[in-house]
Amino acid sequence: MSFKTTLGGKKDVKSASGMYSFEMWVGSEKVLSGKQVHKMRCDNAAYGYSIGCVIPDSPATHLVSKTGQEQYHAHLLKAKAAGVVGFYSTNMLRRSMDTYTKTANNKKACGAGSGVPSPRPAGMQCDEYPFASTYNGAASSSTTRTYNGCGLLNMPREGAYPSRCLILAEHNQSGGNKLAVFYLNNRMADFEPFWIDIR
Numbered sequence: 001m002s003f004k005t006t007l008g009g010k011k012d013v014k015s016a017s018g019m020y021s022f023e024m025w026v027g028s029e030k031v032l033s034g035k036q037v038h039k040m041r042c043d044n045a046a047y048g049y050s051i052g053c054v055i056p057d058s059p060a061t062h063l064v065s066k067t068g069q070e071q072y073h074a075h076l077l078k079a080k081a082a083g084v085v086g087f088y089s090t091n092m093l094r095r096s097m098d099t100y101t102k103t104a105n106n107k108k109a110c111g112a113g114s115g116v117p118s119p120r121p122a123g124m125q126c127d128e129y130p131f132a133s134t135y136n137g138a139a140s141s142s143t144t145r146t147y148n149g150c151g152l153l154n155m156p157r158e159g160a161y162p163s164r165c166l167i168l169a170e171h172n173q174s175g176g177n178k179l180a181v182f183y184l185n186n187r188m189a190d191f192e193p194f195w196i197d198i199r
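Position 106 of the sequence shown, counting from 1, maps to 106 under full-length UniProt numbering, and the rest follow consecutively.
The structure is reproduced here in structure tokens:
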């Protein structure tokens with residue numbers, strides 16, 4: 001299947017539909033046939049690097065592995081076990097491209113007055129989940145939490161709330177970089193839903 005785009009200048013967005021037909025035969029007998037239609041969104045708006053298309057009705061999944069980011073991976077496992085949103089057993093995350101939302105999430109989770117020590121212990125950073133780049137982040141909740149082993153004292157350890165954890169800076173940066181690549185590769189627009197899967 002191929003497409004000829006009619007996209008114009010930067011930040012142009014258009015919709016399209018793709019349809020395919022299928023048949024299943026057993027010997028000389030047709031046992032199944034049908035058609036499937038998918039709506040597509042083609043744009044050069046999300047990042048301005050290139051034109052591309054996605055199927056917005058099929059939410060993407062960000063796969064998080066342990067390699068090179070063990071403490072980041074461990075924090076997400078704890079969040080999943082606590083029932084924090086973003087995993088298959090809960091509600092999806094929604095990407096935010098709004099600078100104010102990202103700043104508010106980060107301030108609530110890790111900023112001044114959050115209870116997270118500042119300056120951080122040497123080589124450590126405050127990791128927050130759900131990510132600051134989502135509408136599900138810390139600013140969307142009246143309560144935040146942490147977990148045993150996260151290096152944060154006198155903070156709630158109960159509830160399915162946005163969480164924070166002190167982790168190695170290189171693990172936090174690796175996780176953030178891979179999330180940015182996921183957004184880019186999947187052309188994630190503002191408020192677009194996605195899942196997290198821990199491997």
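Heads up, the beta-carbon is just placed ideally off N, CA and C, and yes, glycines get one too.
Going by DSSP, Ala60 is part of the beta strand (DSSP E) stretching over 60-64. Distance between Asp57 and Asp190, taken at the CA atoms: about 15 Å. If you ignore the 5 residues before and after Ser118, its C-beta comes within less than 8 Å of the C-beta of Ala112, all in its own chain and listed in chain order. For the pair Lys102 and Glu158, the Cα-to-Cα distance works out to about 24 Å. Remark: C-beta atoms of Tyr129 and Leu76 approach each other more closely than 9 Å. A residue is called buried when at least 16 other Cβ atoms come within 10 angstroms of its Cβ; Gly86 meets this threshold and is buried. Between the region 65-76 and the region 163-175, the count of Cβ pairs shorter than 8 Å is three or higher; the stretches touch. DSSP lists Arg95 as the beta-bridge partner residues of Thr134. In this structure, Leu153 keeps its C-beta atom at 9 Å or more from the C-beta atom of Asp127. If you check the CB distance, Arg95 and Tyr183 come in under 9 Å.
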